[in-house]
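See below for the structure under consideration.
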Amino acid sequence: MGVCKGNVGNIMQHWVLTEVLNRVHLQGKRWLHLVCTNSMAPASWPEQPGGQTRPRFEKVRLSLSPFSVTTYQRAWCAISPAGALLYPSSAAFAAFLWPGKLRLTLCETNPGAIGELTMWVNALQVQRRAPGSMVHPRDWRTLFNSGIPNLGEDVTLIEVDPYRFEHNGAVAFDPAALFPSDLATLTAPFAAQNRLVIFQISSYSANNKNPHTITQSAICDALNAAGFTLTGDVRANGDMISLVFTNGSVLWPNAVDANTEFHAWLNSV
74 MGVCKGNVGN IMQHWVLTEV LNRVHLQGKR WLHLVCTNSM APASWPEQPG GQTRPRFEKV
134 RLSLSPFSVT TYQRAWCAIS PAGALLYPSS AAFAAFLWPG KLRLTLCETN PGAIGELTMW
194 VNALQVQRRA PGSMVHPRDW RTLFNSGIPN LGEDVTLIEV DPYRFEHNGA VAFDPAALFP
254 SDLATLTAPF AAQNRLVIFQ ISSYSANNKN PHTITQSAIC DALNAAGFTL TGDVRANGDM
314 ISLVFTNGSV LWPNAVDANT EFHAWLNSV
């Protein structure tokens, strides 16, 4: 079984993901290709002991019910019954929530997680739900450098989920980090596409002088140059941020509206 942080970063990441899935479907999209650069096991135990924001995570977990106000809460409750002690992955959220056709491409380098992902993806019910799904058992960069084919999907959602965005560049290569040079690798396979492409790029640490002001500016500059516009900007706290870019679809009227909605909900729990 996998292990996750069990913190407000998980809440931020998947509240944003579930909102994106809902809004894209309401715009009439029916066939989704979800690509995860840093997949986690399909279900994970929150690590022990928890960090500073574990109490907030637990408060949300204990609030879950089939009648919760957000899609995120209802999905978590449905996917992980018996007190929601196990936390679902992005792929698990998508497989449960997306009402149309679905394909999953899941990149992972951790041997344990690769094994669990492979068993899950190859399970009959997942293959029926998301035919053609696959695990890429290497660094995501090798997949993006070789190209990502479109099989007819009308929307591709790339969830980029490193530990942090490191604007200082790579002194020593860390596959868990995202570097400025990686941004061109991310966007290159989708240049001049005539289908909807969405990036959700998150960062969970401001260590090594990587504050939001620098992180967001560097990511936005690179994505804007590649033809993508910021449409969602959520900041869980001073360390954690999740940015949503698209190549032609508005998901929130103003990017900061996503942050306002997120905190209005989280503070109400």
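Every position in the sequence shown, counted from 1, becomes a number in the working numbering once 73 is added.
In this text, a Cβ means the ideal position worked out from N, Cα and C, and glycines have one as well.
Since we're looking at a predicted model, the values are computed, not measured.
Query, Result
"First and last residue of the beta strand (DSSP E) that includes Val307?", "Thr302 to Arg308"
"Report the three-state DSSP secondary structure of Tyr145 (helix, strand or coil).", "helix"
"Please go through the same chain and pick out, in chain order, the residues whose beta-carbon is closer than 6 Å to the beta-carbon of Val37, but skip the five residues on each side of it.", "Because the chain is modelled from 74 through 342, residue 37 falls outside the range shown and cannot be assessed."
"Contact between the stretch 167-184 and the stretch 197-214 is defined here as three or more beta-carbon pairs at a separation below 8 Å; is this criterion met?", "yes"
"Spatial neighbours of Leu251 within its chain, please: CB distance less than 6 Å, with the 5 preceding and 5 following residues excluded, ordered by chain position.", "Pro235 and Phe238"
"Once DSSP output is grouped into helix, strand and coil, what is the label at Arg237?", "strand"
"Please name the residue or residues paired with Glu232 in a DSSP beta bridge.", "Cys109 and Gln273"
"So, for Arg214: in the same chain, excluding its five sequence neighbours on each side, which residues have a beta-carbon less than 8 Å away from its beta-carbon?", "Asp255 and Thr258"
"Would you mind sorting Asp306 into buried or exposed? The rule is 16 or more other CB atoms within 10 Å of its CB.", "buried"
"Let me confirm a value: Leu324 is counted as buried when at least 16 other C-beta atoms fall within 10 Å, else exposed. Which label applies?", "buried"
"Quick check: the Cα distance between Ala165 and Pro115, rounded to an integer number of angstroms?", "6 Å"
"Put Pro119 into one of helix, strand or coil per three-state DSSP.", "strand"
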